[in-house]
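Participant:
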Ligand code: ZN
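Residue numbers (the numbering used here): 33 to 419.
Next comes the structure, spelled out in structure tokens:
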């Protein structure tokens with residue numbers, strides 16, 4: 033067992049001084065003063081540290097992605113250390129443009145590998161294109177019979193790399209996700225990649241307006257990628273939709289109008305969006321192509337899951353949001369939206385996924401996933417198999 037003493041609790045709501053007893057991968061007790069013999073529990077003195085839920089990164093190209101500049105531009109898979117350094121204890125893996133050299137079988141195998149290495153992992157079924165290429169014959173069956181599948185995606189819309197599905201084809205995927213989600217007791221959500229195209233969120237609004245499907249069946253991502261899509265996102269979220277912002281970025285993207293996630297969060301809240309509607313994801317291990325003015329590829333780099341909490345920290349330090357509000361977008365919100373019932377909060381009975389933060393600069397100091405210490409006092413203790 034692990035006993036964390038004297039932590040400043042953010043569950044993610046601020047809860048004051050608290051001790052936490054962890055065992056069997058779960059949070060066993062949370063009380064102001066827990067005493068137990070050191071024979072039975074390793075004690076971590078968290079005096080002056082903030083204890084927060086382990087972070088959920090719900091859009092990561094865990095087996096690598098990219099490839100849009102040819103084979104040499106295929107990006108590498110997620111190293112365990114990156115997740116640990118970023119305080120990420122739960123990831124949802126997805127495929128992107130490339131659903132051909134990257135397959136559902138490979139994605140699932142990588143997710144299982146990361147789980148063996150200590151993380152909690154899930155996957156979306158499919159990739160950019162429709163019809164969806166699932167592992168079993170239908171999305172409903174993937175949701176029903178593959179534990180790790182919690183939804184579909186990332187399906188690309190309003191993008192030159194999308195398969196340009198018609199509205200009916202897109203609505204049918206949302207319907208399949210809903211049906212499979214209901215039958216399996218999972219979220220069955222469709223993660224939708226939005227590009228720079230002028231159609232923006234059009235298909236998502238039409239699903240809500242023209243079908244019986246609820247907006248909560250879709251999670252559109254990259255909403256902060258340009259001011260026009262961001263403005264659309266505000267109206268869409270105020271009408272009950274979820275919106276996800278991407279934290280991996282380049283200076284050139286920001287210069288061209290991408291809105292930094294911390295600022296995007298503040299602006300959405302100021303516009304009256306319910307804070308429960310917003311999530312951040314890193315798009316980790318996705319490729320970040322850097323084009324020059326004539327459209328030539330200048331350089332290509334890789335998204336990092338460490339950008340996830342860095343963006344939350346920015347929301348607190350630069351945009352003046354409270355830690356408990358900012359934390360929701362990578363803890364309790366994704367857990368609720370994706371129906372990960374034991375994740376995203378600190379309470380007895382839930383999974384023992386937690387992060388200790390240095391109080392002043394909010395640096396990740398200690399990371400515990402399913403009760404196991406992956407990083408302690410700034411030192412990474414766990415390594416991936418080939419790291
Ligand atoms: Zn995407």
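Idealized CB from N, CA, C, for every residue including glycine.
Are three or more beta carbon pairs between the region 293-309 and the region 102-112 nearer than 8 Å?
Facilitator: No, because fewer than three Cβ pairs between the region 293-309 and the region 102-112 fall closer than 8 Å, the two stretches do not touch.
Participant: Using only CA atoms, which one of 139, 144, 145 lies nearest to residue 156?
Facilitator: Checked all of 139, 144, 145; the closest Cα to residue 156 is 139.
Participant: With DSSP run on the structure shown, which of helix, strand or coil describes residue 296?
Facilitator: Residue 296 falls in the helix class under three-state DSSP.
Participant: State buried or exposed for residue 286, treating a residue as buried only when at least 16 other CB atoms are found within 10 Å of its CB.
Facilitator: Looking at its Cβ environment, which holds fewer than 16 other Cβ atoms inside 10 Å, residue 286 is exposed.
Participant: Considering only the beta carbon of each residue, do residue 412 and residue 121 sit closer than 8 Å?
Facilitator: No. Outside cutoff.
Participant: Using DSSP with H/G/I as helix, E/B as strand and the rest coil, what is residue 305?
Facilitator: Residue 305: coil per DSSP, three-state reduction.
Participant: With a cut-off of 8 Å on the beta carbons, I'd call residue 335 and residue 317 a contact; round off their distance for me.
Facilitator: Residue 335 to residue 317, Cβ: 6 Å. Contact.
Participant: Under three-state DSSP, which class holds residue 74?
Facilitator: DSSP places residue 74 in strand when its eight states are reduced to three.
Participant: With 16 other CB atoms within 10 Å as the buried threshold, where does residue 186 fall?
Facilitator: Buried is the call here.
Participant: Contact check, residue 62 vs residue 378 under 8 Å by CB: the rounded distance?
Facilitator: Residue 62 to residue 378, Cβ: 7 Å. Contact.
Participant: Hey, how far is the Cα of residue 258 from the Cα of residue 283?
Facilitator: Approximately 14 Å between the Cα atoms of the pair.
Participant: Quick one: measure Cβ to Cβ for residue 388 and residue 39, integer angstroms, because I've assumed they're closer than 8 Å.
Facilitator: That belief holds up - the Cβ atoms of residue 388 and residue 39 are roughly 7 Å apart, short of 8 Å.
Participant: How many Å lie between residue 199 and residue 305 at the Cα?
Facilitator: Rounded to whole angstroms, residue 199 to residue 305 spans 27 Å at the Cα level.
Participant: Report yes if the C-beta of residue 315 is less than 7 Å from at least one heavy atom of the ligand ZN; otherwise report no.
Facilitator: Yes, the beta carbon of residue 315 sits closer than 7 Å to at least one heavy atom of the ligand ZN.
Participant: Could you check where the beta strand (DSSP E) with residue 259 kicks off and where it finishes?
Facilitator: No beta strand (DSSP E) holds residue 259; the alpha helix (DSSP H) holding it covers 259-270.
Participant: Which runs of the beta strand (DSSP E) fall wholly inside the region 80-156 and span at least 3 residues, in chain order?
Facilitator: Entirely contained in the region 80-156, the beta strand (DSSP E) runs reaching 3 residues are, in chain order, 82-85, 87-92, 120-125.
Participant: I'd like the list of long-range same chain contacts for residue 294, defined as Cβ closer than 7 Å, with 5 residues on each side in sequence excluded.
Facilitator: Excluding residues within five positions, the ones whose Cβ falls inside 7 Å are 343, 346, 347, 350, 351.
Participant: Applying the 10 Å Cβ sphere with the 16-neighbour rule, what's the burial state of residue 160?
Facilitator: It is buried - the Cβ of residue 160 has at least 16 other Cβ atoms within 10 Å.
Participant: Are the Cβ atoms of residue 191 and residue 229 separated by less than 8 Å?
Facilitator: Yes, the Cβ-Cβ distance between residue 191 and residue 229 is below 8 Å.
Participant: For the pair the region 237-245 and the region 201-220, tell me if three or more CB-CB distances fall below 8 Å.
Facilitator: Taking 8 Å as the limit for Cβ pairs, the verdict is that the region 201-220 does touch the region 237-245.
Participant: Using alpha carbons as the reference points, say which of 170, 176, 127 lies closest to residue 188.
Facilitator: For residue 188, the nearest C-alpha among the options comes from 127.
Participant: Can you round the beta-carbon distance between residue 245 and residue 210 to whole angstroms, since I take them to be within the 8 Å contact cut?
Facilitator: At roughly 6 Å, the Cβ-Cβ gap stays under 8 Å, so residue 245 and residue 210 are in contact.
Participant: What's the call for residue 69, buried or exposed, on a 16-neighbour Cβ count within 10 Å?
Facilitator: Flag for residue 69 reads exposed.
Participant: Would you kindly work out how many angstroms separate the C-alpha atoms of residue 216 and residue 36, rounded to a whole number?
Facilitator: Near 36 Å, if we compare the C-alpha coordinates of residue 36 and residue 216.
Participant: May I ask you to verify whether the region 48-56 touches the region 84-102, counting CB pairs closer than 8 Å and requiring at least 3?
Facilitator: Taking 8 Å as the limit for Cβ pairs, the verdict is that the region 84-102 does not touch the region 48-56.
Participant: Could you check the C-alpha separation between residue 409 and residue 165 for me, to the nearest Å?
Facilitator: Looking at the two C-alpha atoms, the distance is approximately 43 Å.
Participant: Looking only at its own chain, which residues have a Cβ that is under 8 Å from the Cβ of residue 175, when we skip the five neighbours before and after it?
Facilitator: Result list for residue 175: 157, 181, 182, 183, 209, 212, 213, 215, 216, 218, 220, in chain order.
Participant: What number of angstroms, rounded off, separates the C-alpha of residue 54 from the C-alpha of residue 249?
Facilitator: Cα to Cα, the separation comes out at about 34 Å.
Participant: Considering only heavy atoms of the ligand ZN, does any lie closer than 7 Å to the CB of residue 192?
Facilitator: False, no ligand heavy atom lies under 7 Å from that Cβ.
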